[in-house]
Amino acid sequence: MSTPTLIGVPFSTYTRTMRMVFMHMGQDYKLEQTLPHSKSAYKYNPFGRVPSLLHKDKAIFETSAIRDYIDTVFGTDLTPKDLETRLLVDQMISVLSDYIFHHVVFGISKPRDQYEKEGKTEEEITQLLETRLKRSGRIIQAVDSMVKGPFLCGDKLTWADYFMYPAMADLYSLPERDFFAEKGPKLFSWYEMFEKRQEVVETYDGTVADIRKSKSSL
Ligand SMILES: N[C@@H](CCC(=O)N[C@@H](CS)C(=O)NCC(=O)O)C(=O)O
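Heads up, the sequence shown is in our numbering, so the first residue is 4 and it goes up one at a time.
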């Protein structure tokens with residue numbers, strides 16, 4: 004089987020998902036470091052986003068298609084055979100790509116980053132984020148109600164864990180960590196269990212959480 008190449012970058016949560024999955028599978032892969040909206044990103048994805056997956060004569064973009072390709076061509080144990088758990092996995096991934104990304108990542112994490120760059124005080128940032136934080140709290144609560152435990156969708160590790168982890172790990176690196184943990188206790192316990200996994204530790208460098216930690220220790 005020829006070695007697959009991921010087009011992406013360590014701070015990209017979806018790239019991290021795919022890197023962790025390849026590690027979980029024991030499948031060698033190459034990472035071609037590519038920033039979103041760079042010339043190389045557009046070469047494989049008309050929207051300039053990452054990741055894309057190159058394998059043999061194929062260039063695949065959109066993580067749902069990459070997931071299907073990896074399942075079909077390489078074979079994984081991450082898509083449950085029973086319909087009920089499979090639906091949970093799909094729901095979890097969809098919730099991540101919609102509510103969590105649109106309202107929590109783009110509602111809290113990205114603007115916070117911008118406010119910090121502008122030199123705003125913590126007090127100002129808290130005030131500016133107040134309304135969006137309330138909405139994010141409701142979303143985290145709703146996600147929490149979906150968590151089965153010990154993995155997100157029950158007894159077995161699935162694609163949902165690998166999709167959800169990178170975004171949640173970055174969110175828990177924010178000063179809002181305790182608020183998120185309080186709104187979603189099951190989700191937070193899952194995160195604390197998951198963060199010790201080898202493929203998680205090995206893909207930590209260069210993530211948003213890592214970059215924040217390095218900045219705060221300067
Ligand atoms: N729907 C895309 C989303 C991919 C995506 O948003 N990737 C992020 C990095 S994790 C990106 O390229 N962001 C650049 C942007 O938001 O313009 C997928 O599932 O592949």
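The C-beta atom is built at its ideal place from N, Cα and C for all residues, glycine as well.
Query                                                                                                                                                         : Result
For Thr8, name the three-state secondary structure that DSSP assigns.                                                                                         : strand
If I measure Cβ to Cβ from Tyr45 and keep anything under 6 Å in the same chain, skipping five residues before and after, which residues do I get?             : Gly51
Does the pairing of the segment 136-155 with the segment 204-212 give three or more beta-carbon distances under 8 Å?                                          : no
Does the separation of the CB atoms of Ile111 and Leu132 fall below 7 Å?                                                                                      : yes
Take Gln201 and list the residues in its own chain whose beta-carbon comes closer than 8 Å to its own, dropping the five residues that flank it on each side. : Met26
Please list the terminal residues of the continuous alpha helix (DSSP H) segment that includes Ile103.                                                        : Run containing Ile103: none; DSSP gives neither H nor E here.
Would you call the CB atoms of Ile96 and Phe166 closer than 7 Å?                                                                                              : yes
Since Met4 and Ile69 are thought to touch, with beta carbons under 8 Å apart, how far apart are those beta carbons, to the nearest angstrom?                  : So it is not a contact: roughly 16 Å between Cβ atoms.
Starting from Lys42 and walking both ways along the alpha helix (DSSP H), at which residues does that stretch end?                                            : 42-47
Let me check understanding here. Comparing Cα to Cα, which of Thr66, Phe183, Met28 lies closest to Phe77?                                                     : Met28
Quick one: using the 10 Å Cβ neighbour count with 16 as the cut-off for buried, is Glu121 buried or exposed?                                                  : exposed
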